[in-house]
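Per my numbering, the very first residue in the sequence shown carries number 894; after that it's consecutive. Glycine is no exception: its CB is placed at the ideal position from the N, C-alpha and C atoms. Small disclaimer: the values here were computed from a predicted structure and weren't measured. Only one structure is covered here, and it is reproduced in the block below.
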Amino acid sequence: MAYVPGVALLAALAVGCSAGSDGSASDADSKPGGPTVTTAPPGKYRTLPAPCRAVPGSTLKDLLPGVAELPQQQQEKAFRGSPTVTYDTDRKVGCSWKSDAPDSTRNLSIDFERVVSYDPAVSDDDRARTLYAKKETAADLSGVTTPPGPPEKPAGSTAGEETGTGKPGDEGSAGPSPSASASTSGTASGTPGAPGGGEDLRPRVLDGLGDAAFLDDLLTRAGSTAQHRTVSVVFRTSNVIVTVRYGEQPALVTKVPDSRELQDKAQALARKLAEVISE
C-alpha cells in the first residue's frame, strides 16, 4: 500500500472541495430566471430610395403644370429636382421641385427619414412611432379623425337653413356673408371644409396609408395680398417617416388655391411613395 503523507492528503481534499464549490456556482448561474439582456429588433428598412427619382415623370408633369411648356433643356432641369442638403444620406434625404405657370406657382417637396434607435431596449419602430406622434401633435388636428356627418336639422327649419344660406335664429339673412363668399374652397380662417358642408377637407388622420398617416392644410398670405396653400401628408411605415408637401400660389390675388385638388394630388403621391419604399 502506497504511503500518502498527511500534508498531501489534506491538499487533495482541499482541491476537491474547491472544485465542488466552483461547480455549484456555475450551476446556480445557469439556472433559468437569471438576469438576461434583450436587444430590441432593428427596423424593417435599412436604406432609403433616391428622392429625386422617386416620383414618376408622368406624376411630376401633373403636379407641376407649366413645366411641359418650357424648352426641352429647361424641362429636364425642372423635372430633375433639387436634392435636399443633408449630413447623413443613410438617415434622411429629400428633393424639391417648382413650376411657374401663367396662372399659378406650384411647389413640391418630399422627405424620407429612416429612424434608428440607439437604445437597445427601444426598437427602431417604437422610436419612429414616437417621432411620428410628435409631428401629428404639432399639426394640431384637433382630434378630427373621421369626416363628420351633416348636422341634424330641427323640425320646421327654413329653406335658407336647408341650403346653407341662413343660420338658425337669423331668419333675416339673405345669403352667405362676404367673408364666406371670398373663398370657394375654404372658410375665412383658411380651414377647408366644414361639418354639414359636403366632403370634409379639414386637417385629419388618414386611413390606409402606411402604419399611420395624417394630412394638414394651411392657407397663408405671401406678402401682403397673394394667398398660398400648402398641403402636407405625413405617414409612417415601420421605421421610415415620409413627408409630402404640395403648395400653390395663384397669380390672381382674388383666387384661393383649391384644397380638394391639392389634397387629392398630395395623397396620391404619398401612396406612390409608400409603394416605392416597400419595393
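TODO: Report the three-state DSSP secondary structure of residue 1167 (helix, strand or coil).
DONE: Against the sequence shown, residue 1167 aligns to sequence position 274. Helix at residue 1167.
Task: the segment 956-965 / the segment 973-985 touching (three or more Cβ pairs under 8 Å) - done: no
- [ ] Compute the distance between the beta-carbons of residue 1011 and residue 1134, then report whether it is under 9 Å.
- [x] As a first step, residue 1011 is located in the sequence shown; it is residue number 118 there, counting from the start. As a first step, residue 1134 is located in the sequence shown; it is residue number 241 there, counting from the start. Not in contact: residue 1011 and residue 1134 (Cβ atoms no closer than 9 Å).
Task: Per-residue DSSP class, three states only, for residue 1119 - done: Taking the sequence shown and counting its residues from 1, the one referred to as residue 1119 is at position 226. DSSP places residue 1119 in strand when its eight states are reduced to three.
Task: DSSP-derived helix/strand/coil call for residue 1138 - done: In the sequence shown, the residue the question calls residue 1138 occupies position 245. The answer is strand: DSSP assigns residue 1138 an E or B state.
Task: Secondary structure of residue 1103, DSSP reduced to three states - done: Here residue 1103 is taken as the residue at index 210 of the sequence shown, counted from 1. The answer is coil: DSSP assigns residue 1103 none of H, G, I, E or B.
- [ ] Could you tell me if residue 1067 is buried or exposed, where buried requires 16 or more neighbouring beta carbons within 10 angstroms of its beta carbon?
- [x] Translated into the one-based positions of the sequence shown, residue 1067 becomes position 174. No answer about residue 1067 holds up, because its pLDDT of 38 lies below 50 and its placement is not dependable.
Task: Spatial neighbours of residue 976 in its chain, beta-carbon cut-off 8 Å, leaving aside the 5 residues before and after - done: As a first step, residue 976 is located in the sequence shown; it is residue number 83 there, counting from the start. So the qualifying residues of the chain are 944, 945, 986, 987, 988.
TODO: Just tell me which of 1167, 1131, 957 has its CA closest to the CA of residue 934.
DONE: One-based indexing of the sequence shown puts residue 934 at position 41. Cα-wise, what sits closest to residue 934 is 1131.
Open item on the list: Closest to residue 1023 by C-alpha separation, out of 972, 953, 1105, 932, would be which residue?
Closed with: Along the sequence shown, read from residue 1 onward, the residue named residue 1023 stands at position 130. Answer by Cα proximity: 1105.
Task: residue 1164 versus residue 931: straight-line alpha-carbon distance, rounded - done: Within the sequence shown, the letter at position 271 stands for residue 1164. Within the sequence shown, the letter at position 38 stands for residue 931. Residue 1164 and residue 931: Cα-Cα distance of roughly 35 Å.
Open item on the list: Pull the bridge partners of residue 1125 from the DSSP assignment, please.
Closed with: Taking the first residue of the sequence shown as position 1, residue 1125 is located at position 232. Answer is 1109, 1138.
- [ ] Going by CA-CA distance only, name the one from 1159, 1008, 1170, 1171 that's closest to residue 1000.
- [x] Stepping through the sequence shown from its first residue, residue 1000 is reached at position 107. Looking at the Cα atoms, 1159 is the closest of the given residues.
Task: the segment 1145-1155 touching the segment 1111-1128, judged by at least three CB pairs closer than 8 Å - done: yes
Open item on the list: Rounded to the nearest angstrom, what separates residue 994 and residue 1094 at their Cα positions?
Closed with: Counted from its first residue, the sequence shown places residue 994 at position 101. Counted from its first residue, the sequence shown places residue 1094 at position 201. Approximately 25 Å between the Cα atoms of the pair.
- [ ] Using the Cα positions of residue 1108 and residue 1136, report the straight-line distance between them to the nearest angstrom.
- [x] Position 215 of the sequence shown, counted from the first residue, corresponds to residue 1108. Position 243 of the sequence shown, counted from the first residue, corresponds to residue 1136. Whole-angstrom Cα-Cα distance: 10 Å.
TODO: Could you check the C-alpha separation between residue 1151 and residue 1014 for me, to the nearest Å?
DONE: For the purposes of this step, residue 1151 is taken as residue 258 along the sequence shown, with counting starting at 1. For the purposes of this step, residue 1014 is taken as residue 121 along the sequence shown, with counting starting at 1. Rounded to whole angstroms, residue 1151 to residue 1014 spans 46 Å at the Cα level.
Open item on the list: Quick check on DSSP: helix, strand or coil for residue 1034?
Closed with: Reading the sequence shown from its first residue, position 141 is the one you call residue 1034. The answer is coil: DSSP assigns residue 1034 none of H, G, I, E or B.
Open item on the list: Does residue 955 come out as helix, strand or coil in the three-state DSSP assignment?
Closed with: Stepping through the sequence shown from its first residue, residue 955 is reached at position 62. Helix at residue 955.
Task: chain D contact for residue 1139 (CB, 9 Å cutoff) - done: The structure shown contains no chain D; it holds only a single protein chain.
- [ ] Please confirm whether residue 990 and residue 941 have their CB atoms less than 9 Å apart.
- [x] Start at 1 with the first residue of the sequence shown, and residue 990 comes out as number 97. Start at 1 with the first residue of the sequence shown, and residue 941 comes out as number 48. Not a contact, by the Cβ cut-off of 9 Å.
TODO: Would you mind giving the Cβ-Cβ distance between residue 1098 and residue 1034, rounded to the nearest angstrom? I have them listed as a contact below 8 Å.
DONE: Taking the first residue of the sequence shown as position 1, residue 1098 is located at position 205. Taking the first residue of the sequence shown as position 1, residue 1034 is located at position 141. With a Cβ gap of about 7 Å, residue 1098 and residue 1034 count as contacting.
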